[in-house]
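First the structure, in the form of structure tokens, and then the observations on it.
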Amino acid sequence: MLCPTRCYIAGVLSYVLLLSTLATAKVAPRVHRHLAVYDTMDIFVTFTSHQAALDRVASTPAHRDHRTRVFEALRDHAIASQKAALALLHDHTSKSFWISCSAVVHNASASIVAALALLADVVTIEPISVVELDPVLAGVDDNTTSTDVEWGVATIGAPAMWPITNGSGIVVGSIDTGVRHSHEALKSNWRRHRGWYDPYNRTRLPSDDTGHGTHTTGTMVGRHGIGVAPGAQWIACKGLLNGRGTSAALLECAQFMLCPTYSDGNHPDCSQGADVVNNSWGGATFHPWFEGAVAAWHKAGITPVFSIGNKGPACASAGNPGGYPNVLSVGAVGSHTNDPSQLAYFSAKGPATYKDRRGVVSKLIKPVVAAPGFFIRSAKFTGNHRYGQLAGTSMAAPHVSGIVALLKSHDPALTYDDIYKLVTETTERASLQPEPTTWAMPCNVTAPGAFNCGGTPDTTWPNNRYGYGRVSVTNMMRHLDAATLVSAPFPVVALARVALPDATPVPIALVTYTKQVLAAWDDCLITDTVHNTTHERFYYDAHRQVLQSEHLHGHCLDVIHDVVVQWKPCNDAARSQKWRLEDDHIASVLLPGSCVDIQTPGPRVTLAPCEPFALTQWFRSTVTTELQSPRATIFVRLTTKDRRVLARDGHDVASRRALDTIYEVFEYDAHTQLLQTGDTTAPLCWTAHGTSLQLLPCDASATSQEWTIDGTHRRLRQGEWCVEVAPNRVEVQLARCQYAHVGQWIDAIYVSV
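Under mature numbering (1 follows the signal peptide of the UniProt record, and there is no 0), the letters of the sequence shown match residues -25 to -1, 1 to 728, in that order.
And the structure:
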């Protein structure tokens, strides 16, 4: 019989040996090899997955606090799972990433690596990954501010969507080499507040050291015909320095896109995050280090778009993370002659190799879709008026990111699955060319055609060449409900129009939401109070598309330097004097997507990217004699204690953060006590229905539509019943007035003059 003590010792030794084996398995062989030669190295440590923490967050992406809840769940999980590791690393320089439950440790020794590997929450220890941009082809440069829509934007059909939405209200994120923020095509829609982060140098303003990011951002949101969604705002993070990016920097950028910070990396605000993120970067082989970030983006309602890479034309050349199963990966179409039916020779092909957390390897059909990517003309980083052509799947991906911005602007409630379905089920396929027998490459090099990659026939959809096909906004619009095309994100109001027959033109006034008017003074267009003079009277010829001043006889509204509007002698041949008065906007014909705007400080009026619901671009056409009639109405914005606004949402009233749209402004008549929307054709009035609120046709005899704005107590009430907003809720209801109840604190901010 063996001694019990010897049995115990043998068991302990077996356990220690097993533990050592398991711990060693967590450490990548490259780490072992490096530390066998050198004393220290920088390492990347992953901890237990945060998926369970994400699953516990309710899926309510439309809720104003949803992203904050996602952030808090990720942060709390990271703190708990990394607590023991951070205690070990108290005298080491390290950086933790809540978005992927990982960390980088600088100058880690073999003993530190061994100690970390023994921790139960540590999953892997690897070298820090470095991503290098695929080379792109450069075409011609120019300094011409064109008014033409670029071939890629036209090919996907984006202009067909612009009369409905041009991306307004959406924030597009760029993780790339940076952006030249002062470029003429990009400067007006950079969101300055928490709009830039550089994890390498903490620079205060956006910059770009290679031009790659400026070009891709221009294709997404640029003005002057280069951008798919010119009404969207952009924010950016410098994930790549001189064309190379570390996993640490790219994860910092991923966090910034979910919860943007100031340029110093502090004070995150998740309500300011991106709606779609373009990633025109990737590695050659599969690696899961960015999967946690993608999962977090999905939970937060952010759509990830990745280029598939430029390693074509061979099969199985798809890049990473473009090869992940839950991203929109994009291949490129195009040629030296801008042929949209041909796959670009460099566009990588599937299948993509993917290994899940259980170690199961799958072959995925990639890319998901294709988009124009050959010699795309966009903004160049070398000057504020410079443009250049580049070719690569990096140029294709931002076309799809721009499409996502258009779709989300049309309907903010769209999920990733909704967008994936729309994008993939509406592609153009019939015109796409088959794989050639031989590819003609640069420098007289040829490459054999790669047919039926991964065993998937090229004649089936999806395939490993084009994915589901070439994206088509035109086809998407046919799939969208016609009713929603004119009602999203909030119902588009058709205000009263003034008939302006060419033979007998009628003088009109253009009234702002503040009940000021546009006026002609000297050669300028300004905002002014109503004086009922010729300065405020205009004639609009719908056939000739000209707006003429009565005061400045023979002068028409003109646009100069793409932003300045002035009165110039009328010239029918000048496209800069062509305007469309529609949807309560004054839109430039010369510069599609540009509208007259009064948001610039001071009275002078300028041009800005059109935003269908922007208050500062809303002008009501009215016969000038109507201005002489006294009105008892005022415009008000109704704000809550926590700085939200009450806004029209279809036939309901909702509480949300301010977007500065016409749906946040109501017209109040002190005589009738009606509180109505700004729709002068068929206005809707606030109506009490039990304890709920609805917007119904106005009826001056209905007591349910009589409201008192109580400025003393900051209440909106009907008798003893007050409007009430629950904390962190969008619903608005009626409840008995309680003057200590902060949920009933409604401040009426008068915006009339």
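Beta carbons are placed, not taken as given, at the ideal position from N, Cα and C, and that holds for glycine.
Two segments are said to touch when three or more pairs of C-beta atoms, one from each, lie closer than 8 Å; by this definition the segment 125 to 140 touches the segment 370 to 381. Contact between F610 and L485 is ruled out by a C-beta separation of about 16 Å, above the 8 Å threshold. Close CB contacts of T509 within its chain, under the 6 Å cut and outside five residues either way in sequence, are with E525 and H526 (chain order). Within the DSSP bridge table, the entry for F281 names N254 and S304 as partners.
By the beta-carbon neighbour count (other beta carbons within 10 angstroms, threshold 16), D533 is buried.
Close CB contacts of A3 within its chain, under the 6 Å cut and outside five residues either way in sequence, are with E101 (chain order). When secondary structure is reduced to three states using DSSP, W436 falls in the coil class, being assigned neither helix nor strand. Taking the Cβ atoms as the reference, V79 lies roughly 16 Å from L10, outside the contact range of under 8 Å. Under the three-state reduction of DSSP, G170 is assigned to coil, being neither helix nor strand. Under the three-state reduction of DSSP output, N241 falls in the coil class, being neither helix nor strand. Closest by C-alpha distance to K286, out of G258, A270 and Y299, is G258.
Cβ-Cβ separation between A59 and L94: approximately 5 Å, consistent with a contact (criterion under 8 Å). Residue pairing of A59 in beta bridges, as defined by DSSP: absent, with no partner found. If the five residues before and after G142 are omitted, its C-beta is found closer than 6 Å to the C-beta atoms of A204, G206, A207, A380, L381 and S384, all from its own chain and listed in chain order. In the three-state DSSP reduction, M16 falls in the strand class (E or B). Of all alpha-carbon atoms in A90, E47, D96 and H67, the one lying nearest the alpha-carbon of W73 is that of E47.
Taking the CA atoms as reference points, S304 sits about 12 Å from P326.
For R595, the pairing in a beta bridge is given by DSSP as V486.
Pairing A160 with G114 gives a Cβ-Cβ distance that is not under 7 Å. For R631, the closest of S246, D66 and G188 by C-alpha to C-alpha distance is S246. Nearest C-alpha to G170 among D183, S86, S149 and Q574: S149. V106 is the residue among R555, A583 and V106 whose C-alpha sits nearest the C-alpha of L216. When only Cα atoms are considered, W436 and Y443 end up about 5 Å apart.
When the alpha-carbon of S282 is set against those of G294, W661 and G200, the nearest one is in G294. In this model, G218 and T152 are separated by some 7 Å (Cα to Cα). In the DSSP assignment, I724 forms a beta bridge with R612.
With a contact defined as Cβ atoms closer than 8 Å, Q592 and D572 qualify at about 5 Å. Runs of the alpha helix (DSSP H) lying entirely within the segment 114 to 142, each at least 4 residues long, are 126 to 130 in chain order. Straight across, the Cα-Cα distance linking S222 with L339 is about 24 Å.
Residue burial is scored here from C-beta neighbours: S337 has fewer than 16 other C-beta atoms within 10 angstroms and is therefore classed as exposed. Nearest to Y320 by alpha-carbon distance, out of P411, R692, L565 and T652, is P411. In the three-state scheme derived from DSSP, where H, G and I count as helix and E and B as strand, K213 is classed as strand.
When only Cα atoms are considered, M452 and V344 end up about 17 Å apart. Non-local C-beta neighbours of Q574 in its own chain, meaning closer than 6 Å and more than five positions away in sequence, comprise T591, ordered along the chain. The DSSP-derived three-state label of C531 is strand. Annotation: I277 to Q230 spans about 12 Å, alpha carbon to alpha carbon.
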